[in-house]
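Heads up: the sequence shown begins at 542 in the working numbering, then just goes up one per residue.
Virtual Cβ for every residue (Gly too), placed ideally from N, Cα, C.
Some notes on the structure that comes next.
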Amino acid sequence: MTTLGTASAGPGEMDTGRLEVGEARDGSSVGLPCAVINGASDGKTLYMQAASDGDELNGVGVINRVVPQLDPAELSGTILVVGIVNYHAFQVAEHRNPIDDTKMNRAYPGDENGTSSERIAAATFDAATRADLILDLHQGSTSRMIDEVRVRCGRRHRLHDECLQLAKTFGCGYVLDQKGPEGQLARAGPDQGIPTIDPELGGCVGWDETSIEAGVEGVFNVLHDYGFLDGSVTPEPQTRAKGFDQFGSPTGGLVRFQVDLGERVSAGDLLFEVTDVFGELKARVTANNDGVFWRTRRLPQVATGEYVCSVGTNVDAY
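The following block contains the structure:
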């Protein structure tokens with residue numbers, strides 16, 4: 542019998558339940574939706590979670606579509622799922638946990654006696670570290686972004702190659718291979734010896750079906766290639782960026798982008814213009830280095846110095 546919170550499943554069974562992480566302000570219990578899919582045959586364990594940032598819903602969409610397709614009778618091993626991590630932020634469609642104003646994906650490995658976010662991180666990290674592989678499903682918040690997978694352990698980490706292979710198997714087409722900030726699950730997992738990746742499934746308000754479908758395909762790529770399901774996949778070459786150039790606006794006004802997401806750019810290429818309300822040109826901004834046009838703000842209006850876009854740099858194929 543395998544349990545996660547109140548979900549409990551024997552071999553060939555599936556169950557859903559709640560993983561308790563504390564109480565709300567009215568004293569009611571707070572439980573994260575969780576699931577156990579226990580295969581009929583022995584095998585590895587996969588941990589998968591979504592919405593550690595409360596407005597990043599594409600990962601929830603992936604879980605919403607993947608779990609109904611899983612038949613425990615055809616599965617080897619076990620899948621542990623937490624469908625919504627940042628409970629409080631999800632309820633109000635915000636990025637950060639409003640109880641303690643914390644970005645959840647900076648709180649790992651957590652503290653079971655700490656703040657709201659630290660307690661949630663500790664509970665989900667305890668579940669994640671029972672696994673052989675970890676998928677932490679994200680998106681580029683509400684900005685516009687390509688579908689990509691992030692390897693955040695750092696290129697000198699002992700598990701780097703395993704994390705990179707997991708990212709290649711997931712197969713979004715683009716990988717950011719750059720050490721992430723302290724407190725990310727994709728950093729904390731490898732430190733415990735578990736290959737971990739952070740798929741960033743586009744960026745939108747609400748959810749985007751194209752990016753969700755890319756995530757569904759990625760999860761099933763992993764399930765097939767790592768022996769949870771019969772069959773295998775042949776990972777396709779990925780475009781990897783090892784860094785970012787980020788661009789702010791040199792002036793206030795309205796942004797006009799001159800390149801599309803995913804487009805290759807060369808140093809000196811025009812990325813965007815800024816005009817005033819009446820269309821008068823105020824500034825042009827060009828690329829500093831060769832790379833891939835990776836991410837942009839969603840709204841056209843900007844103040845001086847405000848974030849506009851990012852270019853993935855130090856690009857290769859692997």
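| Asked | Found |
| --- | --- |
| Since cysteine 850 sits in a beta bridge, which residues does DSSP pair it with? | Phe788, Thr837 |
| On the DSSP bridge assignment, give the partners of glutamine 842 in chain order. | Leu795 |
| Which whole-angstrom value describes the C-beta separation of glycine 756 and valine 603, a residue pair presumed to lie in contact below a C-beta threshold of 8 Å? | 4 Å |
| CB of histidine 765 to nearest heavy atom of the ligand FAD: below 7 Å? | Absent from the structure shown: the ligand FAD. Ligands present: none. |
| Find the nearest neighbour of isoleucine 735 within the set Gln779, Asp652, Asp677, judged by alpha-carbon distance. | Asp677 |
| Any idea which residues DSSP pairs isoleucine 620 with across the strands? | Ile578, Leu587 |
| Leaving out the 5 sequence neighbours to the left and right, which residues in its chain are closer than 7 Å to glutamate 635 when beta-carbon positions are compared? | Gly595, Asp596 |
| DSSP beta-bridge partners for histidine 679? | Glu741 |
| If we ignore side chains and look at the alpha-carbon of each, how far apart do cysteine 713 and proline 731 end up? | 21 Å |
| Rounded to whole angstroms, how far is the Cβ of alanine 828 from the Cβ of serine 851, which I believe are closer than 8 Å? | At roughly 11 Å, the Cβ-Cβ gap does not stay under 8 Å, so alanine 828 and serine 851 are not in contact. |
| Taking buried to mean at least 16 other C-beta atoms within 10 Å of its own C-beta, is aspartate 642 buried or exposed? | exposed |
| Given that a residue counts as buried once 16 or more other Cβ atoms are within 10 Å of its Cβ, and exposed if not, what is threonine 854? | buried |
| Check asparagine 830 in the structure and name its three-state DSSP category. | coil |
| Measure the C-alpha to C-alpha separation of glycine 572 and asparagine 627 and round it to an integer number of angstroms. | 11 Å |
| Could you check which residue in Arg781, Leu822, Ala782, Phe761 has the C-alpha nearest to that of serine 773? | Phe761 |
| Taking 8 Å as the cut-off, decide whether the C-beta atoms of histidine 701 and aspartate 739 are in contact. | no |
| Roughly how many whole angstroms lie between the Cα atoms of leucine 802 and serine 684? | 12 Å |
| Considering only their Cβ atoms, is the gap separating proline 613 from asparagine 654 smaller than 8 Å? | no |
| Please classify valine 818 as buried or exposed, where buried requires at least 16 other C-beta atoms within 10 Å of its C-beta. | exposed |
| Mind checking methionine 686: buried by the 16 CB within 10 Å criterion, or exposed? | buried |
| Grouping DSSP H, G and I as helix and E and B as strand, with all else coil, what is tyrosine 715? | strand |
| Can you give me the C-alpha to C-alpha distance between arginine 836 and glycine 784, rounded to a whole angstrom? | 13 Å |
| Alpha carbon to alpha carbon, what distance is there between glycine 747 and arginine 728? | 27 Å |
| In terms of residues, what are the limits of the alpha helix (DSSP H) holding alanine 548? | Looking at the DSSP string, alanine 548 is not in any alpha helix (DSSP H); the run it does join, the beta strand (DSSP E), is 548-550. |
| Could you compute how far the alpha carbon of leucine 742 sits from the alpha carbon of arginine 606? | 14 Å |
| Taking Cβ to Cβ, would you say alanine 668 is nearer than 8 Å to valine 623? | yes |
| Given a threshold of 16 other Cβ atoms within 10 Å of its Cβ, counted over all protein chains shown, does serine 820 qualify as buried or as exposed? | Reading the sequence as shown, one finds glycine at residue 820 and not serine. Result: exposed. |
| I need the boundaries of the beta strand (DSSP E) containing glutamate 814, first residue and last residue. | 811-816 |
| Would you mind stating whether glycine 563 and serine 657 have Cβ atoms separated by less than 8 Å? | yes |
| For glutamine 719, which of Leu560, Cys704, Gly618 has the nearest alpha-carbon? | Cys704 |
| Following the continuous alpha helix (DSSP H) through glycine 730, name the residue where it begins and the one where it ends. | 726-732 |
| Using DSSP with H/G/I as helix, E/B as strand and the rest coil, what is alanine 634? | coil |
| For the beta strand (DSSP E) that contains threonine 544, what are its first and last residues? | 543-545 |
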